[in-house]
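Let me begin by presenting the structure, written as structure tokens, before commenting on it.
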Ligand code: DAH
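Numbering (my numbering), first residue to last: 73 to 447.
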């Protein structure tokens with residue numbers, strides 16, 4: 073019998089044609105005496121060659137299915153062993169099985185190589201180059217409004233004041249009535265109020281915390297009350313409908329306007345610097361008598377007058393006055409026995425004066441270009 077595959081059990085048109093080295097169609101056992109050993113070697117060599125060409129485990133799996141899979145070429149051959157005359161079947165079976173084992177070994181070896189290659193590719197791709205420059209972590213800082221508020225608090229804490237707080241949703245009675253503004257009082261028009269119900273509102277100032285404090289604490293009282301307030305304002309460069317205030321209240325025996333001037337002058341010297349001068353201008357608030365507006369000399373022009381201060385040389389920084397006797401009475405404190413002073417300032421306004429910020433809306437915009445100027 074010829075050694076050439078064309079004359080073997082697996083005709084050339086079969087296992088060598090079109091890249092298929094074990095094409096079942098080429099298996100012609102009839103008339104042949106034995107399985108030629110050459111075709112097995114060729115099949116093995118060819119699979120080894122194809123194996124080498126596979127570049128991925130999925131390609132290799134395709135190859136395995138094509139040869140050893142259920143519908144694979146070798147499997148087909150094994151199935152047809154029964155067609156052989158029985159004297160040849162044993163030998164052919166042994167050869168095919170041997171071939172199957174060799175092919176499996178070749179595939180397994182290639183799988184190992186590809187797996188290792190895949191792992192090293194992954195390791196390479198996932199490698200962290202520790203010598204690369206790192207990303208700079210940008211550290212944030214306190215908001216200029218926060219810093220201003222904390223600065224104000226520190227000054228009053230150092231003067232022996234306590235910090236108290238009240239709710240932003242307030243009763244009309246605390247926001248207006250107890251502050252000497254009964255219903256229909258025209259002074260209520262000083263604040264454009266957001267009402268929640270007829271009796272409940274968003275506090276228009278921190279002054280209701282005075283009432284809450286006097287109703288729960290006995291004099292001597294020395295407190296500041298920082299917090300958010302709301303007004304139905306037309307928004308512009310100096311007005312917002314939400315802003316911070318710091319309220320102050322002192323109640324004790326013998327408290328006079330001189331104490332008010334002393335404390336607030338000290339505050340201004342600490343907050344704006346000792347070179348700034350102050351003055352008190354008569355004003356009106358229903359909850360103080362007498363009432364005043366405290367003015368501080370303009371830091372831009374030194375009091376000469378400039379566009380920053382409306383050419384007056386002065387800037388108004390807070391409202392203040394002696395606590396109205398009726399307000400003390402409303403809170404159960406005898407005005408014959410005790411007197412007090414109170415003040416209220418807008419924190420945004422103080423921050424704008426301190427940092428020369430021309431536009432109140434900047435505080436709420438959270439523009440990092442703006443914020444990083446106040447490290
Ligand atoms: N509550 C006032 C306002 O928002 C400010 C104020 C004025 C507070 C005089 C006071 C004060 O405590 O005595 O306009």
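Where is the CB? At the ideal position from N, CA and C, for every residue including glycine.
Because the structure is a prediction, the values reported are computed rather than measured.
Helix, strand or coil: which one does DSSP assign to residue i?
| i | result |
| --- | --- |
| residue 352 | strand |
| residue 439 | coil |
| residue 227 | helix |
| residue 365 | strand |
| residue 253 | coil |
| residue 274 | strand |
| residue 241 | strand |
| residue 372 | coil |
| residue 429 | coil |
| residue 198 | coil |
| residue 121 | helix |
| residue 144 | coil |
| residue 282 | helix |
| residue 446 | coil |
| residue 126 | coil |
| residue 434 | helix |
| residue 137 | helix |
| residue 208 | coil |
| residue 382 | coil |
| residue 156 | coil |
| residue 291 | coil |
Given that a residue counts as buried once 16 or more other Cβ atoms are within 10 Å of its Cβ, and exposed if not, what is residue i?
| i | result |
| --- | --- |
| residue 107 | Because residue 107 carries a pLDDT of 47, less than 50, the predicted location of this residue cannot be relied on, and the following value inherits that uncertainty. So residue 107 ends up on the buried side. |
| residue 154 | exposed |
| residue 169 | exposed |
| residue 411 | buried |
| residue 296 | buried |
| residue 280 | buried |
| residue 145 | buried |
| residue 162 | exposed |
| residue 272 | exposed |
| residue 180 | exposed |
| residue 99 | At residue 99 the pLDDT is 42, less than 50, meaning the model places this residue with poor confidence; the figure from the coordinates comes in the next sentence. Burial call: buried. |
| residue 416 | buried |
| residue 455 | Since the displayed the chain opens at 73 and closes at 447, residue 455 lies outside it and no answer follows. |
| residue 399 | buried |
| residue 216 | buried |
| residue 268 | exposed |
| residue 139 | buried |
| residue 182 | buried |
| residue 274 | buried |
| residue 428 | exposed |
| residue 436 | exposed |
| residue 229 | exposed |
| residue 340 | buried |
| residue 278 | buried |
| residue 193 | exposed |
| residue 236 | buried |
For residue i, list the residues DSSP reports as bridge partners.
| i | result |
| --- | --- |
| residue 395 | 360 |
| residue 311 | 308 |
| residue 296 | 235 and 320 |
| residue 413 | 322 and 394 |
| residue 418 | 317 |
| residue 388 | 367 |
| residue 267 | 273 |
| residue 301 | 315 |
Might you give, ordered along the chain, the residues of its own chain that have their beta carbon closer than 8 Å to the beta carbon of residue i, omitting 5 neighbours on each side?
| i | result |
| --- | --- |
| residue 343 | 223, 224, 227, 422 and 426 |
| residue 221 | 298, 316, 318 and 419 |
| residue 434 | 442 |
| residue 132 | 123, 126, 179, 182, 183 and 186 |
Can you name, in chain order, every residue of its own chain whose Cβ lies under 7 Å from the Cβ of residue i, other than the five neighbours on each side?
| i | result |
| --- | --- |
| residue 282 | 319, 321 and 414 |
| residue 120 | 178 |
| residue 16 | Absent from the structure is residue 16, since the part of the chain shown begins at 73 and ends at 447. |
| residue 439 | none |
| residue 357 | 363, 391 and 393 |
| residue 447 | 213 |
Below 6 Å CB to CB, which residues in the same chain sit around residue i once its five sequence neighbours on both sides are set aside?
| i | result |
| --- | --- |
| residue 305 | 311 and 313 |
| residue 375 | 369 and 385 |
| residue 287 | 403 |
| residue 252 | 358, 359, 396, 398 and 399 |
| residue 250 | 283 and 402 |
State yes or no: is the beta carbon of residue i nearer than 9 Å to at least one beta carbon in chain B?
| i | result |
| --- | --- |
| residue 286 | The structure shown contains no chain B; it holds only a single protein chain. |
Quick check: the segment 359-372 against the segment 391-410, are there 3 or more CB pairs under 8 Å? yes
For the segment 283-296 and the segment 322-335, state whether three or more C-beta atom pairs, one from each stretch, are separated by less than 8 Å. yes
Below 8 Å, can you find three or more Cβ-Cβ pairs linking the segment 236-249 to the segment 206-222? no
Are the segment 333-347 and the segment 398-407 touching, with three or more C-beta to C-beta distances below 8 Å? no
Flag this pair as touching only if the segment 188-202 and the segment 246-261 have three or more C-beta atom pairs under 8 Å; answer yes or no. no
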